[in-house]
Amino acid sequence: MTDTSSPLRSHLRTTADAYDSVAVQYADFVRDGLDGFPLDRAMFAAFAEYTPSGAPVADVGCGPGYVAAHLHTLGLSVFGVDLSPSMIAIARERYPHLRFEVGSMDALAVPDGSLGGVVSEYSLIHLPPHEVPSYLAAFRRTVMRGGTLMLAFFESEQDPVTPFDHKVVTAYRWPVDEIATLAAEAGFDEIGRMLREPHDDERFRRARLLLRAR
Numbered sequence: 269m270t271d272t273s274s275p276l277r278s279h280l281r282t283t284a285d286a287y288d289s290v291a292v293q294y295a296d297f298v299r300d301g302l303d304g305f306p307l308d309r310a311m312f313a314a315f316a317e318y319t320p321s322g323a324p325v326a327d328v329g330c331g332p333g334y335v336a337a338h339l340h341t342l343g344l345s346v347f348g349v350d351l352s353p354s355m356i357a358i359a360r361e362r363y364p365h366l367r368f369e370v371g372s373m374d375a376l377a378v379p380d381g382s383l384g385g386v387v388s389e390y391s392l393i394h395l396p397p398h399e400v401p402s403y404l405a406a407f408r409r410t411v412m413r414g415g416t417l418m419l420a421f422f423e424s425e426q427d428p429v430t431p432f433d434h435k436v437v438t439a440y441r442w443p444v445d446e447i448a449t450l451a452a453e454a455g456f457d458e459i460g461r462m463l464r465e466p467h468d469d470e471r472f473r474r475a476r477l478l479l480r481a482r
């Protein structure tokens, strides 16, 4: 389901290698999945309800697979894609009933307009900001008209796009309205958004955008 014929660009290779090196620790850290995050779960429930019935959904940057597993419990036909082979190996071991593949989220080898939705769970955050529009355009290529897109990211709290020292590899915090504008330019209309304060073990506010392909 992904195009693996081209070598990864340097920053993607850096990201893949970084997550490979901490895959076991990261998977243990997120083992409880979305437990304790009712607002996030509510957004996923809305995503599932808005997604066209029966259409496949891609969890891009799926890591150890807990989001894909949650989407499956909501009745969605979901597969996961991640740059990190180690993450994909863990996802396959933990959730053998689901499909996971190594690949880049901007190179899903699926027909245009064939997906009911895409979930990007903190996977755009490691991209150089100037590349984000091309990834949103790639999502729009794969999602059918009326399909859904869920974007989760760290909110910049009135600052412009801001890099920060993510525990795995450099990442960026974004203004919610700026991401919403880029998504609109790529062909998505906003359905709703969530902004929540950080939990005790989190540093930054978390944002989610739920969007529909037009």
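At position 18 of the sequence shown the residue is numbered 286 (the numbering used here), and the sequence of numbers has no breaks. For every residue, glycine included, the Cβ atom is placed at its ideal position computed from N, Cα and C. Please read all numbers here as calculations on a predicted model, not as lab measurements.
Unbroken alpha helix (DSSP H) run spanning residue i, endpoints
i      : result
Ile356 : 353 to 362
Ala323 : Counting along the chain, Ala323 falls outside any alpha helix (DSSP H), and DSSP gives it neither H nor E.
Ile447 : 444 to 454
Euclidean distance between Cα positions of residue i and residue j
i      : j      : result
Val400 : Ala359 : 26 angstroms
Phe472 : Pro466 : 5 angstroms
Pro379 : Pro443 : 32 angstroms
Val357 : Ala313 : First, the amino acid is wrong: residue 357 is Ala here, not Val. In a straight line, the C-alpha of Ala357 is about 27 angstroms away from that of Ala313.
Phe297 : Arg413 : 36 angstroms
Pro320 : Thr410 : 14 angstroms
Ala336 : Pro428 : 31 angstroms
Gly331 : Thr283 : 12 angstroms
Ser382 : Gly322 : 11 angstroms
Met311 : Gly371 : 26 angstroms
Leu342 : Met355 : 23 angstroms
Reference residue i; option with closest CA among the options
i      : options                        : result
Glu389 : His398, Leu280, Met373, Pro379 : Met373
Arg309 : Met462, Gly333, His398, Glu458 : Met462
Asp457 : Glu369, Asp469, Arg464, Leu417 : Leu417
Glu453 : Phe432, Thr319, Ala406         : Ala406
Lys435 : Asp469, Gly415, Thr341, Ala336 : Asp469
Leu404 : Gly304, Gly343, Leu450         : Leu450
Arg482 : Thr430, Ala448, Arg408, Gln426 : Arg408
His398 : Glu369, Pro431, Val387         : Pro431
Continuous beta strand (DSSP E) stretch holding residue i: start and end
i      : result
Leu416 : According to the sequence shown, residue 416 is Thr rather than Leu. 411 to 422 is the span of the beta strand (DSSP E), which, as asked, contains Thr416.
Pro379 : Counting along the chain, Pro379 falls outside any beta strand (DSSP E), and DSSP gives it neither H nor E.
Ala439 : 439 to 441
Ser345 : 345 to 350
Anticipated Cβ contact below 8 angstroms, residue i with residue j, distance rounded
i      : j      : result
Gly455 : Gly415 : Their Cβ separation, rounded to whole angstroms, is 11 angstroms, which puts Gly455 and Gly415 out of contact at 8 angstroms.
Ala326 : Leu376 : 6 angstroms
Leu302 : Ala316 : So it is not a contact: roughly 13 angstroms between Cβ atoms.
Tyr294 : Gly333 : With a Cβ gap of about 12 angstroms, Tyr294 and Gly333 do not count as contacting.
Pro324 : Phe305 : So it is not a contact: roughly 25 angstroms between Cβ atoms.
- Message: Below 8 angstroms, how does it come out for the segment 386 to 406 and the segment 434 to 452: are there three or more Cβ pairs, yes or no?
- Response: Inter-segment contact for the segment 386 to 406 and the segment 434 to 452 is present: three or more beta-carbon pairs are separated by less than 8 angstroms.
- Counting Cβ pairs, one atom from each stretch, are 3 or more of them under 8 angstroms apart for the segment 410 to 423 and the segment 462 to 479? Yes: the two stretches touch, three or more of their Cβ pairs being nearer than 8 angstroms.
- Message: With a threshold of 8 angstroms, are at least 3 pairs of Cβ atoms found where one atom belongs to the segment 287 to 295 and the other to the segment 347 to 359?
- Response: With the cut-off at 8 angstroms, the segment 287 to 295 and the segment 347 to 359 touch.
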